[in-house]
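Engineer:
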Amino acid sequence: MKLNERSLAFYATCDSPADNAGFLYKRGERHTAYHRRWFVLKGNMLFYFEERESREPVGVIVLEGCTVELCDSAEEFAFAIRFGGTKSRTYVLAAESQAAMESWVKSLSRASFDYMRLVVRELEKQLEEMRWGSVGGCGGCQGSPGSWKPKPLGPEQSPERLLALPAVVPKENGCAVWNNAPGADQLPDTSSCGGNDSEGNLRPPPLPPRRRASSSEAGGAGAAAAESPSTFCRLHEQYGWEMARLRQDWLERRRNPQP
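Per UniProt numbering, the sequence shown runs over residues 1 to 259.
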């Protein structure tokens with residue numbers, strides 16, 4: 001594994017929060033003497049410094065593919081970080097108290113990405129169980145996720161009913177009309193207004209004529225809108241009443257067609 005020394009030194013001494021920090025006694029690789037070092041745990045990297053005020057770490061231990069366990073040593077409260085492999089080094093550390101040792105063993109055991117992956121999988125499993133449990137509690141379904149089946153379509157959602165609906169929503173003056181009244185899902189009978197086209201299909205009623213404002217009127221309206229923010233609202237309400245009246249007249253002619 002290739003590591004950039006400058007990047008590691010910056011990451012070790014930056015202001016990012018550490019998962020654990022404190023003094024530990026580290027046994028040397030060649031000599032069995034213990035040296036007091038300042039350790040900082042960030043993510044899956046364990047940095048150690050000669051002193052707490054040191055700006056560069058003496059070394060770093062990447063906590064991947066390792067196990068943390070207690071060990072017998074001349075120092076009290078000792079534990080070891082063991083890596084798999086015949087030529088891998090074992091780091092022996094010792095804390096200053098029982099509480100510090102337990103804290104370090106717990107934080108080091110949870111520092112690897114393998115542990116985080118297991119936690120994420122377990123949380124995803126619990127979330128999936130909670131989701132299906134809520135579905136079963138609401139709908140009375142106690143089966144597994146694979147046993148779920150879609151509900152049959154009702155009479156109002158049958159394929160024949162869906163095919164009978166118009167492909168395009170009727171519009172009036174370019175605005176879609178949503179009407180929940182009975183018979184609103186059918187095309188309006190416009191035989192008295194527009195008649196049929198060349199293919200025999202019903203045509204919608206003719207659109208009312210639109211009023212085109214002159215350039216002077218448009219300029220005056222723009223100035224008025226700039227002066228008063230509510231001008232658009234008043235115009236919208238005025239034309240809205242006109243559209244409502246035209247629609248009401250069209251509905252009256254539809255209900256009472258003239259012979």
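Heads up, the beta-carbon is just placed ideally off N, CA and C, and yes, glycines get one too.
1. Which of the three DSSP states, helix, strand or coil, is assigned to Arg234?
2. Return the CA-CA distance between Lys42 and Tyr48, expressed in angstroms with no decimal places.
3. Report buried or exposed for Trp104, applying the criterion of at least 16 other Cβ atoms within 10 angstroms of its Cβ.
4. Does the beta-carbon of Met45 have 16 or more other beta-carbons within 10 angstroms, so that it is buried, or is it exposed?
5. So the candidates are Leu127, Glu237, Val92, Asn20; which of them puts its Cα closest to the Cα of Glu76?
6. Please state the DSSP three-state secondary structure of Ala78.
7. Does the separation of the CB atoms of Val40 and Ala12 fall below 8 Å?
8. At the level of alpha carbons, what is the spacing between Arg234 and Arg245?
9. Would you decide whether Val120 is buried or exposed? Buried here means 16 or more other CB atoms lie within 10 Å of its CB.
10. Mapping DSSP to helix, strand and coil, what is Val135?
11. Taking Glu96 as the reference, give the member of Trp250, Ala21, Phe10, Cys66 with the closest Cα.
12. Give me whichever residues DSSP pairs with Trp38 in a beta bridge.
13. Give the range of the alpha helix (DSSP H) segment to which Ala100 is assigned.
14. Bridge partners of Cys66, per DSSP?
15. Just the C-alpha distance for Gly84 and Thr90, rounded to the nearest angstrom, thanks.
Structural biologist: Reading it off the structure:
1. Here Arg234 sits in helix by DSSP.
2. If you draw a straight line from the Cα of Lys42 to the Cα of Tyr48, it comes to about 11 Å.
3. If you draw a 10 Å sphere on the C-beta of Trp104, you find 16 or more other C-beta atoms in it, and that means buried.
4. So Met45 ends up on the buried side.
5. Minimum Cα-Cα distance from Glu76 among the listed residues Leu127, Glu237, Val92, Asn20 corresponds to Val92.
6. The answer is strand: DSSP assigns Ala78 an E or B state.
7. In contact: Val40 and Ala12 (Cβ atoms closer than 8 Å).
8. Going from the Cα of Arg234 to the Cα of Arg245 covers about 17 Å.
9. In the assembly as shown, Val120 is an exposed residue. Its beta-carbon has fewer than 16 other beta-carbons within 10 Å.
10. Annotated three-state conformation of Val135 is helix, per DSSP.
11. Checked all of Trp250, Ala21, Phe10, Cys66; the closest Cα to Glu96 is Ala21.
12. Answer is Phe23, Phe49.
13. Residue range 98–109 is occupied by the alpha helix (DSSP H) that includes Ala100.
14. Beta-bridge analysis with DSSP links Cys66 to Phe83.
15. The alpha-carbon atoms of Gly84 and Thr90 are separated by roughly 9 Å.
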